[in-house]
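Chains as they are written, first to last, in my numbering: chain E, 1 to 424; chain G, 1001 to 1424. The structure appears below as structure tokens.
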């Protein structure tokens, strides 16, 4: 296939995946680079943290995804940098010290995604793991489950109370879903323990805004808050985290400072773009925005570089009128952008990207959810079924869909007793 | 339930589990101590290492097992030592430095199991992970899968060869099963890679004895060896490992020393008893045997201590005629001993233990196995179905059985593409 255009795609998330598969019938030579060997279905990562699902059910090896697509080569490596003049992607050295490859390209697409940001307080990360990576989710799972074990053998009342206090920071969909599931676990395991009443566990959902799920209409936020309370989780709105240390979270609410004694803190607040966004910005002498995102042209290309694309939640897209498009950092945006870029590469034309919003979903524990679909608002069981079907549908791989369906059915019937094994 | 006999059981393996559930109708107060919060179905741990199964499918939380058995309290902790005179079990300090509990008992049963032994070369462990713990299996999975990834990007022929060489040490059931599955993976992933032909991978099964599966009749060993070769694994019998270092295994075969260049070494050779066996032996001034095992009376009690039982593969049982019973270190022995001890505790009588051997099974890759059932020898597909049914039957939890069945069906149909995600 010599002489074909070489397309290098960085990132095997939702955007990268759609882009690569959108090029399956295009005569190009694709190299897909990711630091992991798998695509992660991030919207369900929090279920790994609660033990409802196991890691491999929401992750699928990239090689398997593109097994039959012969124009793709998958490379598991970190990207060290870009040389836009020479049109090269430099890969980082291998773990054993051998020098990394250099990949020449005719077209480059970067979809590096984003990570949770601790608002400049990176030292909080050690006390409050995040939920965006598989490692973070697995680490949290072990912490949450160990907290109940520790409470069971803790003779001191105050310390037991701290073991049974769970703080989730950030009431977006992930934070809401997480808080709901922790509350459900605490209730579900009550008969597994002898010395401690896990039903007395407190789950606090700390949110700086004045309501949970700010991306949803206020009516649905209120419904979600009520559902959370029914499950035993307490939304703490208008509350800003001012400090996190070993065994405690300090929040400011209505001007007053409060200390919450806790051993388990989940971070589901602000995100920051992948450092690759900054790399590309520097390469063209541009600046990133406050969230570390790269500003791209309306057609998703890098200013001055029609052969370089940026997509997903590491970019912000100009609207062509001097402003930028307001797009949420969710999978559907990245997927539509991936398909858009694939078409641009295949057809050689550059067209502005337009997001088609199909709606917004969040689930709150077993059998409850809220949905906002083109202004049409759903809540309760029907919304939950919608959530279920949508998530099963987009999960990659028939085997994973079947396994997740089996697990969900079981946890529905048995009220949430899932994969609660503590291991590293 | 004050005044009831306090039974402390150490170890939630096959022996401990059977013992505790055997006491479900006995008016005793049981404390089950294990360093993990789960029971591990060890015979399938190697399938976690090959990515055929995921961790939680072969592990079940001990609390869930005994959820409805109200006379059991589960404590997740390490045992620091025993005081047989005061009848106390001392638990190790908690990870956060808080002092561990001390558990008083009227009856003590210790089933600490065993671990792989590196024949006095503990420094080999870093290069050759083992398969008995979930951590070891998960670590190996990551190593095996990463080896193919590394081979794909390795430009140097000799180094690529080393990445594609897998050495399994020890040709017992676990070693044989492991070698067979690695060979199958290498074949199954051949179309996932572009630069490298994974079918050229070498899988060497190093065994010091003159045949594989020495616990089986020679005819079945020969069948197993042929099945392995068909899958692409090479048994190297009469070969002793003399050294293991970074990137190499040294073996001596027919008096000659050979160096195998490899990046992946799996340790499935000799085992050594849990240090708890030594603790108990020291407490009564006795010695352990060469494999670190505690010698117990024919009724499984500690000499001079009819209130203390030792069981599972950390003990060796006297035959009452001055010798010891020759028992394999397998799950059925531990399970029968667990039931035996439960009866002794419930009835207050001490009776000699007799092992009822129901047979021996080992599987070799997809759809092949050997079985030796009371002298009745099976091989091929029928033995494999037997293996499958037996393992599914003994797996704890209906959900796990269903999930494992789904996975096995898929890997049978798709020729072994399972949970091949690399994560920590």
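The beta carbon of each residue, even a glycine, is placed where N, CA and C say it ideally should be.
Taking a 10 Å sphere around the C-beta of residue 242 (chain E), we find fewer than 16 other C-beta atoms and assign the residue as exposed.
Non-local C-beta neighbours of residue 207 (chain E) in its own chain, meaning closer than 6 Å and more than five positions away in sequence, comprise 171, 237, ordered along the chain. In the three-state reduction of the DSSP assignment, residue 37 (chain E) falls in the coil class. The Cβ neighbour count for residue 1122 (chain G), taken over all protein chains shown within 10 Å, is under 16; the residue is labelled exposed. Contact of residue 149 (chain E) with chain G by beta-carbon distance below 7 Å involves 1037, 1076. Residue burial annotation: residue 254 (chain E) is exposed, with fewer than 16 other C-beta atoms found within 10 angstroms of its C-beta. Bounds of the beta strand (DSSP E) holding residue 1073 (chain G) are 1072-1076. Shown here, residue 80 (chain E) sits in a strand according to DSSP, grouped into three states. At least 9 Å separates the CB of residue 392 (chain E) from every CB of chain G.
Proximity of the region 1262-1269 of chain G to the region 1300-1313 of chain G falls short of the contact definition, fewer than three beta-carbon pairs being nearer than 8 Å. Shown here, residue 18 (chain E) sits in a helix according to DSSP, grouped into three states. Residues of the region 1042-1061 of chain G that bring their beta carbon within less than 7 Å of a beta carbon in chain E comprise 1054, 1055, 1056, 1059, 1061, in sequence order. In the displayed model, residue 1377 (chain G) falls within a strand according to three-state DSSP.
DSSP lists E:360, E:377 as the beta-bridge partner residues of residue 372 (chain E).
The straight-line gap separating the alpha-carbon atoms of residue 201 (chain E) and residue 257 (chain E) is approximately 22 Å. In the structure shown, the three-state DSSP call for residue 1246 (chain G) is coil. With respect to the 9 Å criterion, residue 1361 (chain G) and residue 1383 (chain G) are classified as neighbours on the basis of their beta carbons. For the pair residue 63 (chain E) and residue 344 (chain E), the Cα-to-Cα distance works out to about 24 Å. In summary, the residues of the region 101-112 of chain E whose CB is separated from some CB of chain G by less than 8 Å are 101, in the order they occur in the chain.
When secondary structure is reduced to three states using DSSP, residue 407 (chain E) falls in the helix class. Under the Cβ criterion of 9 Å, residue 1399 (chain G) is counted among the residues facing chain E. A check of alpha carbon separations from residue 1177 (chain G) across G:1404, G:1370, G:1395 identifies G:1370 as the nearest. Scanning its chain for C-beta atoms nearer than 6 Å, with the 5 sequence neighbours on each side dropped, one finds around residue 283 (chain E) the residues 82, 84, in chain order. Among the CB atoms of chain G, none fall inside 9 Å of the CB of residue 166 (chain E). Scanning chain G for C-beta atoms nearer than 9 Å to the C-beta of residue 422 (chain E) yields 1036, 1037, 1038, 1061, 1076, reported in chain order.
For residue 187 (chain E) and residue 198 (chain E), the gap between their C-alpha atoms comes out near 6 Å.
Think of a sphere of 7 Å around the beta carbon of residue 410 (chain E): the chain G residues whose beta carbon falls inside it are 1399, in chain order. For residue 200 (chain E), no alpha helix (DSSP H) segment is defined, and its DSSP state is neither H nor E. Less than 9 Å separates the beta-carbon of residue 103 (chain E) from that of residue 75 (chain E). Against residue 192 (chain E), the close residues of chain G are 1063, 1064, 1067, in the order they occur along the chain (beta-carbon pairs closer than 7 Å).
In the three-state DSSP reduction, residue 1413 (chain G) falls in the helix class (H, G or I).
Taking C-alpha positions only, residue 1134 (chain G) is separated from residue 317 (chain E) by approximately 46 Å.
Taking a contact as a CB-CB distance under 8 Å, the pair residue 45 (chain E) and residue 145 (chain E) does not count as one, their CB atoms being some 16 Å apart. Classified as exposed, residue 1389 (chain G) has fewer than 16 neighbouring CB atoms from the shown chains inside 10 Å of its CB. Straight-line measurement puts the Cα of residue 409 (chain E) at about 46 Å from the Cα of residue 1351 (chain G).
Judged by their CB atoms, residue 224 (chain E) and residue 216 (chain E) are nearer to each other than the 9 Å cut-off.
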